[in-house]
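Here the protein sequences come in this chain order: R, U, D and A.
For the first sequence, counting from 1, position 13 maps to 747 in our numbering; every step adds exactly one.
For the second sequence, counting from 1, position 188 maps to 922 in our numbering; every step adds exactly one.
For the third sequence, counting from 1, position 53 maps to 787 in our numbering; every step adds exactly one.
For the fourth sequence, counting from 1, position 243 maps to 977 in our numbering; every step adds exactly one.
Note that CB positions come from ideal geometry on N, CA and C, so glycine has one too.
There are 4 protein chains.
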Amino acid sequence: MNNYRKKCAEISEHPLFMNTIIGLIIINAILVGLETYSYFENNFYDWIYLADQLLLWVFTIELLIRLLGSKSIGSFFKEPWNIFDFVIVASGHLLVGAHYVTVLRVLRVLRVLRAVSVIPSLRRMVNALLLTIPSMGTIMLLLGIFFYIYAVIGTMMFQSIAPEYFGTLHDSLLSLFQVITLESWASGVMRPILTEDPTSWWYFVTFILIGSFVIVNLFVGVVVNNVEEASREEKPTPTDIKLEEVQNELREIKQLLKKKED
Amino acid sequence: MNNYRKKCAEISEHPLFMNTIIGLIIINAILVGLETYSYFENNFYDWIYLADQLLLWVFTIELLIRLLGSKSIGSFFKEPWNIFDFVIVASGHLLVGAHYVTVLRVLRVLRVLRAVSVIPSLRRMVNALLLTIPSMGTIMLLLGIFFYIYAVIGTMMFQSIAPEYFGTLHDSLLSLFQVITLESWASGVMRPILTEDPTSWWYFVTFILIGSFVIVNLFVGVVVNNVEEASREEKPTPTDIKLEEVQNELREIKQLLKKKED
Amino acid sequence: MNNYRKKCAEISEHPLFMNTIIGLIIINAILVGLETYSYFENNFYDWIYLADQLLLWVFTIELLIRLLGSKSIGSFFKEPWNIFDFVIVASGHLLVGAHYVTVLRVLRVLRVLRAVSVIPSLRRMVNALLLTIPSMGTIMLLLGIFFYIYAVIGTMMFQSIAPEYFGTLHDSLLSLFQVITLESWASGVMRPILTEDPTSWWYFVTFILIGSFVIVNLFVGVVVNNVEEASREEKPTPTDIKLEEVQNELREIKQLLKKKED
Amino acid sequence: MNNYRKKCAEISEHPLFMNTIIGLIIINAILVGLETYSYFENNFYDWIYLADQLLLWVFTIELLIRLLGSKSIGSFFKEPWNIFDFVIVASGHLLVGAHYVTVLRVLRVLRVLRAVSVIPSLRRMVNALLLTIPSMGTIMLLLGIFFYIYAVIGTMMFQSIAPEYFGTLHDSLLSLFQVITLESWASGVMRPILTEDPTSWWYFVTFILIGSFVIVNLFVGVVVNNVEEASREEKPTPTDIKLEEVQNELREIKQLLKKKED
Numbered sequence: 735m736n737n738y739r740k741k742c743a744e745i746s747e748h749p750l751f752m753n754t755i756i757g758l759i760i761i762n763a764i765l766v767g768l769e770t771y772s773y774f775e776n777n778f779y780d781w782i783y784l785a786d787q788l789l790l791w792v793f794t795i796e797l798l799i800r801l802l803g804s805k806s807i808g809s810f811f812k813e814p815w816n817i818f819d820f821v822i823v824a825s826g827h828l829l830v831g832a833h834y835v836t837v838l839r840v841l842r843v844l845r846v847l848r849a850v851s852v853i854p855s856l857r858r859m860v861n862a863l864l865l866t867i868p869s870m871g872t873i874m875l876l877l878g879i880f881f882y883i884y885a886v887i888g889t890m891m892f893q894s895i896a897p898e899y900f901g902t903l904h905d906s907l908l909s910l911f912q913v914i915t916l917e918s919w920a921s922g923v924m925r926p927i928l929t930e931d932p933t934s935w936w937y938f939v940t941f942i943l944i945g946s947f948v949i950v951n952l953f954v955g956v957v958v959n960n961v962e963e964a965s966r967e968e969k970p971t972p973t974d975i976k977l978e979e980v981q982n983e984l985r986e987i988k989q990l991l992k993k994k995e996d
Numbered sequence: 735m736n737n738y739r740k741k742c743a744e745i746s747e748h749p750l751f752m753n754t755i756i757g758l759i760i761i762n763a764i765l766v767g768l769e770t771y772s773y774f775e776n777n778f779y780d781w782i783y784l785a786d787q788l789l790l791w792v793f794t795i796e797l798l799i800r801l802l803g804s805k806s807i808g809s810f811f812k813e814p815w816n817i818f819d820f821v822i823v824a825s826g827h828l829l830v831g832a833h834y835v836t837v838l839r840v841l842r843v844l845r846v847l848r849a850v851s852v853i854p855s856l857r858r859m860v861n862a863l864l865l866t867i868p869s870m871g872t873i874m875l876l877l878g879i880f881f882y883i884y885a886v887i888g889t890m891m892f893q894s895i896a897p898e899y900f901g902t903l904h905d906s907l908l909s910l911f912q913v914i915t916l917e918s919w920a921s922g923v924m925r926p927i928l929t930e931d932p933t934s935w936w937y938f939v940t941f942i943l944i945g946s947f948v949i950v951n952l953f954v955g956v957v958v959n960n961v962e963e964a965s966r967e968e969k970p971t972p973t974d975i976k977l978e979e980v981q982n983e984l985r986e987i988k989q990l991l992k993k994k995e996d
Numbered sequence: 735m736n737n738y739r740k741k742c743a744e745i746s747e748h749p750l751f752m753n754t755i756i757g758l759i760i761i762n763a764i765l766v767g768l769e770t771y772s773y774f775e776n777n778f779y780d781w782i783y784l785a786d787q788l789l790l791w792v793f794t795i796e797l798l799i800r801l802l803g804s805k806s807i808g809s810f811f812k813e814p815w816n817i818f819d820f821v822i823v824a825s826g827h828l829l830v831g832a833h834y835v836t837v838l839r840v841l842r843v844l845r846v847l848r849a850v851s852v853i854p855s856l857r858r859m860v861n862a863l864l865l866t867i868p869s870m871g872t873i874m875l876l877l878g879i880f881f882y883i884y885a886v887i888g889t890m891m892f893q894s895i896a897p898e899y900f901g902t903l904h905d906s907l908l909s910l911f912q913v914i915t916l917e918s919w920a921s922g923v924m925r926p927i928l929t930e931d932p933t934s935w936w937y938f939v940t941f942i943l944i945g946s947f948v949i950v951n952l953f954v955g956v957v958v959n960n961v962e963e964a965s966r967e968e969k970p971t972p973t974d975i976k977l978e979e980v981q982n983e984l985r986e987i988k989q990l991l992k993k994k995e996d
Numbered sequence: 735m736n737n738y739r740k741k742c743a744e745i746s747e748h749p750l751f752m753n754t755i756i757g758l759i760i761i762n763a764i765l766v767g768l769e770t771y772s773y774f775e776n777n778f779y780d781w782i783y784l785a786d787q788l789l790l791w792v793f794t795i796e797l798l799i800r801l802l803g804s805k806s807i808g809s810f811f812k813e814p815w816n817i818f819d820f821v822i823v824a825s826g827h828l829l830v831g832a833h834y835v836t837v838l839r840v841l842r843v844l845r846v847l848r849a850v851s852v853i854p855s856l857r858r859m860v861n862a863l864l865l866t867i868p869s870m871g872t873i874m875l876l877l878g879i880f881f882y883i884y885a886v887i888g889t890m891m892f893q894s895i896a897p898e899y900f901g902t903l904h905d906s907l908l909s910l911f912q913v914i915t916l917e918s919w920a921s922g923v924m925r926p927i928l929t930e931d932p933t934s935w936w937y938f939v940t941f942i943l944i945g946s947f948v949i950v951n952l953f954v955g956v957v958v959n960n961v962e963e964a965s966r967e968e969k970p971t972p973t974d975i976k977l978e979e980v981q982n983e984l985r986e987i988k989q990l991l992k993k994k995e996d
């Protein structure tokens, strides 16, 4: 039994195994892309379907090998990327008979994301990106409160003037997201409102000024965090190397002094 | 009397007290959001009004407890966030009979901002953000002069060509704000003017170049400031730890030398 | 004579003198702003004209006092801001009889810029901003070549398809500036061209990718430069303070050793 | 023969030689610019053609001199910029008889790029810029996967609703590039789709949030990389200078101790 586990672990760590899987993911990506062209969907539907089923089974076998090769089922599912892989593959089997064609197709597209779980450098980068999210928690909460207050005020004031932008609270939230990206905030959103309510400019100008100020600070925080972290992980600087020399010399002096004492 | 003060302070510092207030602020936020939907406003107006009055009184009691629990009234109002809380709650009472429905509703929305004054991490973040403003004073003054000069020149030159953008000085200031956010600056503002005054491109191009140059430098200044501050507050670096070791060793050597002297 | 110079220098350095000038510049700014409103221009033209002439003469006297108070005429004109002040004031006198009303008005607007030459903190900031320009020289040249090549290619290819954007070389340069600010680059410029020349997307996509890559690097260079400079000018770090303590201790040890030698 | 090589190397390194070439590149740039104006093309075509041929031959001779002046043909073509020069000049000769007028004209425009290969400071800057590309490899791959997945999903969902934006997979990729530059993403792309599919906002909002998050991190990575590199190359800090003093003093103390030992 243990022998069997070892073999599976060996296979799953073999570079050829990984490269094959990467290759299959690329083929999966190409298939999923071709499917969007009606020409391929109409003329090669059977082939695409067949290849798709084949890929699903290969990915299932791959997952099984990696599962059997892991120390225990528990340790395997501790790694979030393995859970992701499992969910993607399992739902592919579970929904096969279903009529939710769109869901199935989206699942097949998401299999392309498996590239992240398979290629180590990509996985490390995504993990690093995800780790920066918690440190943005407080500022995100602040942004949320800020958006909510402006959305409620905007709905109250412009509900009847511009129903397509501020008709309901969720419309307002979407419009404010558009405004903060600075897309047509003046030509599309503000100027038509301004003709009816000439004092409404303060609403948009303060929203953009405060919003971009907070977002810039969010961004600055991320930069500063990264610079600090990088400098903490840094290899010994020339200063540190010199300091070590100083320490060595001090040790020598102490020995000289002690020898004399004897 | 003093005993009474102590109890109030105890209550106001109890986590349950704070969590209750946060909960009530969230309820207040939801109510204020629901009110924007005409369905709720028409069918549940009485309930919303009742809940609103209740919340106002609970917030009043909360404020009183915190006021009674503070060392003195003076020390309580030294903290700007307490003044903010007081103004929000007091104006809720003062304006109750008034017909300014919109003002009252905006006040209720602003109560959501009390989340900042109640949640410590949010308050610290907002305080930190506000502290960065004074250091931007000079560059803001420079931006102001720059905007004003361009607004006056723009009004002089394009008043008759594009009255909707440069009709008056305040129109021009708003249009220049739109231009600096790069929103429709060419397709909406410059190109129509260009057909009448083919040399006007220099006005917009120089405005964008100089303006974004100054703003980028404002931004760079904030980044540099933050990096510096962060590095100043930093915990002892490995270099500092090694230096302390060096100092300890030197002290030992000195003692060795002094011992011999005796 | 020398006594006279001393008195002038004294006056020109007196805080009251500077504050008066700042006040007059603000009045000048307000006048120049009021003038843009036709109501004021029509009803108070004589008063505005009078105030303007008065201000011009006060500024002339101010300049004379500062000129007389300086060590020599040469040293006075070494400072570029003094030359700026001189040109602004002198041209106000020279062009008084002229019919170039617009030029005269622009000159009056530019007098607002004198705030920079009078307020020391503003002057220092503008000097600092101007100093960062030379370090951007090479990258600006690169951007220039890049823009020129794309403008020539764009004119060659889209001259007949989109004459309003790429009709002539200078039209193309302006359009490319619009594209690099990302303003309506797709909806306004590319998509109409795309309907006629379906392969033209590579022109715009590569232009935006390369252009923003270079500009981001320009920006990064400025940030890095500033961080470095700031860290060079920094006050002694805790590390430096500790190092000084180490040096002091070493000196003591040396003295102890030398004393014993004697 | 060797003598001949030396002379060629001498010529090719002479400042006058380089300045002449730079001058000719500028003339080439001006010619290529003038050619876009139909007035010049119609009236001075023969002159422009002649000058162009002359320039081509001068550049050929320049290349030959630099080739002959190099240590060996192999070492000459090791430098990528020399290959670039060679291709530009050689293709000018090869395609002379061809009817591909546009290709020929683009080639002539690209000769302006030779400024980069001739001016050392520009060449260094471009080399530095190109060197930063490999470090962005992983994040570019991530962005690519992210774009591809959204493009496939977008095509699947909006193919029939907005064929001009999401008709085919490559249309979708172009539209997503437009969306990530925030150009008309709401007014042009999302809002028309929203009227048919009111839940499609999540597609655009998540795309912009995730996309800009990844791009900001790409940017942050470049900044951090540059700051680190700059700090590594830095000249000795004041701390290092003090440390050296400490080391010198320690050496003196050791000598003092050793002398006493004798």
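(message) Can you give me the C-alpha to C-alpha distance between T836 of chain A and M890 of chain D, rounded to a whole angstrom?
(response) Straight-line Cα distance between these residues: approximately 8 angstroms.
(request) Check whether the region 803–820 of chain A touches the region 846–855 of chain A, counting contact only when three or more Cβ pairs, one atom from each stretch, lie closer than 8 angstroms. (result) The region 803–820 of chain A vs the region 846–855 of chain A: in contact.
(request) Note down, in chain order, each residue of its chain lying with its Cβ closer than 8 angstroms to the Cβ of M870 of chain D, except the 5 sequence neighbours on either side. (result) The answer, listed in chain order, is L952, G955 and V956.
(request) Can you pull the chain D residues whose beta carbon is under 8 angstroms from the beta carbon of K976 of chain A, in chain order? (result) Here the neighbours are D974, L977, E978 and Q981.
(request) Could you work out which residues of chain R lie near A920 of chain A, taking near to mean beta carbons separated by less than 7 angstroms? (result) Listed along chain R are Q912, E917 and S918, each with a C-beta nearer than 7 angstroms to that of A920 of chain A.
(request) Go through its chain and collect everything with a Cβ distance to Y884 of chain U's Cβ below 7 angstroms, but skip five positions before and after it. (result) L910 and F941, listed in sequence order.
(message) Just to confirm my understanding: we take T872 of chain U, look at its own chain, exclude 5 residues before and 5 after, and list those with CB closer than 7 angstroms. What are they?
(response) Non-local C-beta neighbours of T872 of chain U in its own chain, meaning closer than 7 angstroms and more than five positions away in sequence, are absent.
(message) Considering just the uninterrupted stretch of the alpha helix (DSSP H) at H827 of chain D, what are its terminal residues?
(response) Note, H827 of chain D: alpha helix (DSSP H), P814 to L828.
(message) Determine, for E796 of chain U, whether the minimum Cβ-Cβ distance to residues of chain R falls below 9 angstroms.
(response) No, because no Cβ of chain R sits closer than 9 angstroms to the Cβ of E796 of chain U.
(message) Measuring CB atoms only, is the region 895–912 of chain D touching the region 984–993 of chain D, in the sense that at least three cross pairs come out at less than 8 angstroms?
(response) No, the region 895–912 of chain D does not touch the region 984–993 of chain D.
(message) Is Y882 of chain U close to chain C? Criterion is C-beta to C-beta, closer than 9 angstroms.
(response) This model lacks chain C altogether; the protein chains it does include are R, U, D and A.
(request) Please classify L916 of chain A: does DSSP put it in a helix, a strand, or coil? (result) If DSSP states are grouped into helix, strand and coil, L916 of chain A belongs with coil.
(message) Give me the subset of the region 757–786 of chain U whose CB atoms are less than 7 angstroms from a CB atom of chain R, sorted by chain position.
(response) Along the region 757–786 of chain U, the positions whose C-beta sits under 7 angstroms from a C-beta of chain R are A763, V766, G767, T770 and Y771, read in chain order.
(request) Kindly indicate if chain R contains any beta-carbon less than 9 angstroms away from that of I799 of chain U. (result) So, not an interface residue.
(request) Return yes when the Cβ of L907 of chain D is within less than 9 angstroms of the Cβ of F947 of chain D, no when it is not. (result) Against a cut-off of 9 angstroms, the Cβ pair of L907 of chain D and F947 of chain D comes out as no contact.
(request) Pick helix, strand or coil for P868 of chain R, following the three-state DSSP scheme. (result) Helix at P868 of chain R.
(request) For F892 of chain U, decide whether its Cβ has a neighbour in chain R, counting only Cβ atoms nearer than 9 angstroms. (result) So, not an interface residue.
(request) Mark M874 of chain D as exposed unless 16 or more other C-beta atoms lie within 10 angstroms of its C-beta, in which case mark it buried. (result) Looking at its Cβ environment, which holds fewer than 16 other Cβ atoms inside 10 Å, M874 of chain D is exposed.
(message) In whole angstroms, give me the CA-to-CA distance for F793 of chain R and I822 of chain U.
(response) Rounded to whole angstroms, the separation of the alpha carbons of I822 of chain U and F793 of chain R is 60 angstroms.
(message) Quick check for students: name the residue ranges of the alpha helix (DSSP H) that lie wholly in the region 881–939 of chain U, counting only runs of 4 or more.
(response) Counting whole runs of 4 or more residues, the region 881–939 of chain U contains the alpha helix (DSSP H) stretches 897–900, 903–914 and 925–930.
(message) Quick test of the definition: if touching needs 3 or more C-beta pairs under 8 angstroms, does the region 799–806 of chain D touch the region 917–925 of chain U?
(response) Touching, no.
(message) Relative to the C-alpha of N736 of chain D, which candidate in D:N776, D:K805 and D:L797 has its C-alpha closest?
(response) Of the residues D:N776, D:K805 and D:L797, the one whose Cα lies closest to the Cα of N736 of chain D is D:K805.
(message) Please list, in chain order, the chain R residues whose beta carbon lies closer than 7 angstroms to that of L856 of chain U.
(response) By Cβ distance, chain R contributes T872, L875 and L876.
(request) Give a yes or no on whether 9 angstroms exceeds the smallest Cβ distance from K988 of chain R to chain U. (result) Yes, contact with chain U.
(message) With a threshold of 9 angstroms between beta carbons, is L908 of chain U in contact with chain D?
(response) Interface criterion not met: the Cβ of L908 of chain U is under 9 angstroms from no Cβ in chain D.
(request) Step through the CB atoms of chain A and report whether any lies within less than 9 angstroms of the CB of K993 of chain D. (result) Chain A contact via Cβ: absent.
(request) List the residues of chain R that R839 of chain U touches, going by C-beta distances under 9 angstroms, in chain order. (result) Here the neighbours are V886, I887 and M890.
(message) Which residues in chain R have a C-beta closer than 8 angstroms to the C-beta of L952 of chain A? List them in chain order.
(response) In chain order: nothing, as chain R lies at least about 10 angstroms away.
(request) May I have the straight-line CA-CA distance separating I761 of chain D from D786 of chain D, to the nearest angstrom? (result) In this model, I761 of chain D and D786 of chain D are separated by some 10 angstroms (Cα to Cα).
(request) Give the C-beta separation of L758 of chain R and L789 of chain R to the nearest angstrom, bearing in mind that I take them to be a contact with Cβ-Cβ under 8 angstroms. (result) L758 of chain R to L789 of chain R, Cβ: 6 angstroms. Contact.
(message) Strictly below 8 angstroms CB to CB, what residues from chain D border W935 of chain U?
(response) Going along chain D in sequence order, the residues near W935 of chain U (Cβ under 8 angstroms) are L908.
(message) For A849 of chain A, would you say it is in contact with chain D, using Cβ-to-Cβ distances shorter than 9 angstroms as the test?
(response) Taking Cβ atoms only, chain D reaches closer than 9 angstroms to A849 of chain A, which makes this a yes.
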